[in-house]
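What follows is a set of notes on a single structure, which appears directly below.
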Amino acid sequence: MKLFLDWSSYENAGMGDAYADIPKHGADFAKAVAVCIGSRQCEKDAKGVMCPSFRITQNPGLSPGGRVRALKAALNADDAAAFFNAELAETMALCVSCKGCKRECENEVDMALIKAEFLAQQVSRNGVSLRRRLWAELPKVLRWPGMRSLIVWRNKSPLLAKLAELGLGISARVSLPVPAQMPFQIPSQSPLSLHPELADKQVVLLVDTFNYYFNPAAAAAAKKLLTRAGYYVHIATPLADDTEDRPLCCGRTYFSNGMIDKARTEAQRMLAALADHIAAGRSIIGLEPSCILSLRDEYLKLGLGEPAQKLAEKVLLLEEFIVREQAAKRWALAFNAIPGVSSLLLHGHCHQKAVGAIKSVRKLLKQLPDLKFELIEASCCGMAGNFGVEAEHYDQAQAMAELALFPALRAEPAALLVSNGFSCQQQIGNAGFTKPLHLAEVLCLAIPSQD
Ligand code: SF4
Ligand code: SF4
75 MKLFLDWSSY ENAGMGDAYA DIPKHGADFA KAVAVCIGSR QCEKDAKGVM
125 CPSFRITQNP GLSPGGRVRA LKAALNADDA AAFFNAELAE TMALCVSCKG
175 CKRECENEVD MALIKAEFLA QQVSRNGVSL RRRLWAELPK VLRWPGMRSL
225 IVWRNKSPLL AKLAELGLGI SARVSLPVPA QMPFQIPSQS PLSLHPELAD
275 KQVVLLVDTF NYYFNPAAAA AAKKLLTRAG YYVHIATPLA DDTEDRPLCC
325 GRTYFSNGMI DKARTEAQRM LAALADHIAA GRSIIGLEPS CILSLRDEYL
375 KLGLGEPAQK LAEKVLLLEE FIVREQAAKR WALAFNAIPG VSSLLLHGHC
425 HQKAVGAIKS VRKLLKQLPD LKFELIEASC CGMAGNFGVE AEHYDQAQAM
475 AELALFPALR AEPAALLVSN GFSCQQQIGN AGFTKPLHLA EVLCLAIPSQ
525 D
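Count along the sequence shown starting at 1, add 74, and that's the number in our numbering.
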């Protein structure tokens, strides 16, 4: 089996353990699968918020451990076709790559990463379906002329939505996200030479594909916040000799659709663009949790060597950066009460939890006077990138949201909603709730106006 990801960090996993039960085929990938010790803790309902697909179905085969059992059976079979059977494909399709198992399983089974390799194997054997290609190529598709009008038209026309469902498997019951009228515009900024006092307060803001096209207000808010706090903010842009006429992208859409080579190309483009900033020791600050997880975690599995390691060490989510700077007494901006807002509900993106950033969000929200806030104890919202808009997954995606997220939102209709994940914002907005704000926007409401 030719592996697409670099599984060498599992090289010694289970070695010398007679009970490790490492499958016959799959080399280090098989060792990553065999990290599961079969304790079945993930099949107990009381076990945290792990595995939304198990929680909505109560089917042990759809728990992380159940997936491991199915994968082991396939990797032990001498017929390679066992890895491509329809039953295993369905079991893996219902994993939403939330990283809940990596975080909560006692042995840190990383099913999201295992699924990325699984999909790459599927794509290599069966090719890429049109729908999968559409999701994966989103950073390019969003550049197509008329794309915004087409999405608006599709959302308004039940006939067009039905045709898209029949032809592409995009659920007619879901509104597709509409790009902003104007994507993020890089604000003009006076040269650093005019601000020598900021020479050692330079940071890099990474505006990901989703915030760039769909939520430029969040990116603008982050830029304003950092500037007001006394930082010189570089916006990450492609190198001058970059031949692609589009912003930088982490490559997640390719990675999560099994197109690993293209994900690697995106990552190399990103690494080239950030190389000088990294060499200068600047923090790279991101807004979308899944993009930051890509840079911190998935790039390390793409065989990109030391540059990827160095980037991973410099990347922070906005909330992590602010809390770190506050702890170092470098953050010079206090937060006020937000006029007219007394209660707030926070929905954490799965990958925000995976990188441990929720505690930073909580620390920041605690600093806002006169605000009662609550973290919704929920796992995946169900949207999970493209999962929630796929016709065959719509019901499961809604069931995931109904586990805890939607009931919590219904219970507090007046609360301001905060969620940093693009997918979560869509899932919540599509269900008729007010579309959540990004934390950057909320914090911007809490800083003194300059007039
Ligand atoms: S995935 Fe984790 S919790 Fe589930 S059976 Fe395996 S080791 Fe136990
Ligand atoms: S990544 Fe999430 S959905 Fe997939 S097996 Fe792990 S907990 Fe379940």
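Think of the CB as a built atom: it goes at the ideal place given N, C-alpha and C, for glycine as much as any other residue.
Note that the coordinates shown come from a computational prediction; the quantities given were computed from them, not determined experimentally.
With 16 as the cutoff for other CB atoms within 10 Å, does residue i come out buried or exposed?
{"i": "MET256", "result": "exposed"}
{"i": "GLY241", "result": "exposed"}
{"i": "GLN426", "result": "buried"}
{"i": "THR508", "result": "exposed"}
{"i": "TRP209", "result": "buried"}
{"i": "GLN501", "result": "buried"}
{"i": "ARG228", "result": "buried"}
{"i": "ARG199", "result": "exposed"}
{"i": "MET185", "result": "buried"}
{"i": "THR317", "result": "exposed"}
{"i": "SER82", "result": "exposed"}
{"i": "LEU266", "result": "exposed"}
{"i": "TYR93", "result": "exposed"}
{"i": "LYS173", "result": "buried"}
{"i": "LEU513", "result": "buried"}
{"i": "ARG343", "result": "buried"}
{"i": "SER223", "result": "exposed"}
{"i": "THR311", "result": "exposed"}
{"i": "GLU451", "result": "exposed"}
{"i": "GLY201", "result": "exposed"}
{"i": "ALA475", "result": "buried"}
Leaving aside the five residues before and after residue i along the sequence, list all residues of the same chain whose C-beta is less than 6 angstroms from its C-beta, in chain order.
{"i": "VAL516", "result": "VAL492"}
{"i": "LYS24", "result": "Only positions 75 to 525 of the chain appear in the structure, and residue 24 is not among them; the question remains open."}
{"i": "ALA520", "result": "PHE409, ASN410, ILE412 and LEU442"}
{"i": "ALA346", "result": "LEU313"}
{"i": "LEU439", "result": "PHE447"}
{"i": "ARG114", "result": "GLY139"}
{"i": "ILE225", "result": "LEU250 and VAL252"}
{"i": "LEU168", "result": "SER127 and LEU136"}
{"i": "PHE258", "result": "VAL281, TYR286, PRO290 and ALA293"}
{"i": "GLN276", "result": "TYR306 and ARG356"}
For residue i, write down the residues that DSSP places opposite it in a beta bridge.
{"i": "VAL492", "result": "LEU420 and LEU511"}
{"i": "SER357", "result": "VAL277"}
{"i": "HIS308", "result": "VAL278"}
{"i": "GLU464", "result": "ILE244"}
{"i": "GLU85", "result": "Paired residue(s): none; GLU85 is not in a bridge."}
{"i": "LYS440", "result": "DSSP, once it has assigned bridges, lists no residue as partnering LYS440."}
{"i": "LYS214", "result": "Answer by DSSP bridge pairing: none, since LYS214 is not bridged."}
{"i": "PHE258", "result": "Looking at the DSSP assignment, PHE258 forms no beta bridge with any residue, so it has no partner."}
{"i": "LEU608", "result": "Coverage of the chain is limited to positions 75 through 525, which leaves residue 608 absent and any answer about it impossible."}
{"i": "VAL389", "result": "ILE358"}
Could you pull out every residue in the same chain whose Cβ sits closer than 8 angstroms to the Cβ of residue i, ignoring the five residues on either side in sequence?
{"i": "ARG370", "result": "ALA386, VAL389 and VAL429"}
{"i": "VAL248", "result": "GLY462, VAL463, TYR468 and ASN504"}
{"i": "ASP444", "result": "ALA411 and SER416"}
{"i": "PHE284", "result": "GLU362, CYS365 and PHE496"}
{"i": "LYS384", "result": "ILE352"}
{"i": "PRO381", "result": "LEU345, ALA349 and ILE352"}
{"i": "LEU378", "result": "ARG338, ALA341, GLN342 and LEU345"}
Apart from the five residues on each side of it in sequence, which residues of its chain come closer than 7 angstroms, Cβ to Cβ, to residue i?
{"i": "SER245", "result": "GLU239, VAL463, GLU464, ALA465 and TYR468"}
{"i": "MET457", "result": "ALA471, SER497, CYS498, GLN500 and GLN501"}
{"i": "PHE288", "result": "PRO251, PRO253, ALA254 and PHE496"}
{"i": "PRO97", "result": "ALA104, VAL107, ALA108, LYS146, LEU149 and ASN150"}
{"i": "ALA528", "result": "Limits of the chain in this structure are 75 at one end and 525 at the other, which puts residue 528 out of reach."}
{"i": "CYS125", "result": "CYS116, SER137, PRO138, GLY174 and CYS175"}
{"i": "TYR328", "result": "ALA210, LYS336, ALA337 and GLU340"}
{"i": "TRP405", "result": "ALA303, ILE396 and GLU399"}
task = May I have all residues whose beta carbon comes closer than 6 angstroms to any heavy atom of ligand 2, sorted in chain order?
result = Going along the chain, the residues that qualify are MET124, CYS125, PRO126, SER127, PRO138, ARG141, CYS169, VAL170, SER171, CYS172, LYS173, GLY174, CYS175, MET185 and ALA186.
task = Evaluate contact between the region 226-235 and the region 187-195, counting only Cβ atoms and requiring at least three cross-stretch pairs below 8 angstroms.
result = Three or more Cβ pairs closer than 8 angstroms define a contact, and the region 226-235 falls short of that threshold against the region 187-195.
task = Take every Cβ of the region 375-392, pair it with every Cβ of the region 346-355, and state whether three or more of those distances are shorter than 8 angstroms.
result = Result yes; three or more Cβ-Cβ pairs closer than 8 angstroms.
The region 87-94 touching the region 105-125, judged by at least three CB pairs closer than 8 angstroms = Contact between the region 87-94 and the region 105-125 is present, because at least three Cβ pairs lie under 8 angstroms.
query = Are three or more beta carbon pairs between the region 356-375 and the region 261-272 nearer than 8 angstroms?
reply = Cβ pair count under 8 angstroms is below three, so no.
inquiry  = Could you check whether the region 362-376 touches the region 309-326, counting it as contact only if at least three pairs of C-beta atoms, one from each stretch, sit closer than 8 angstroms?
reply    = Under the three-pair Cβ rule at 8 angstroms, the region 362-376 counts as touching the region 309-326.
ask   = Below 8 angstroms, can you find three or more Cβ-Cβ pairs linking the region 122-142 to the region 211-221?
value = Not touching, per the Cβ criterion.
request  = Decide yes or no for the touch test of the region 295-304 against the region 152-161: beta carbon pairs closer than 8 angstroms, at least 3 of them.
outcome  = These segments do not touch.
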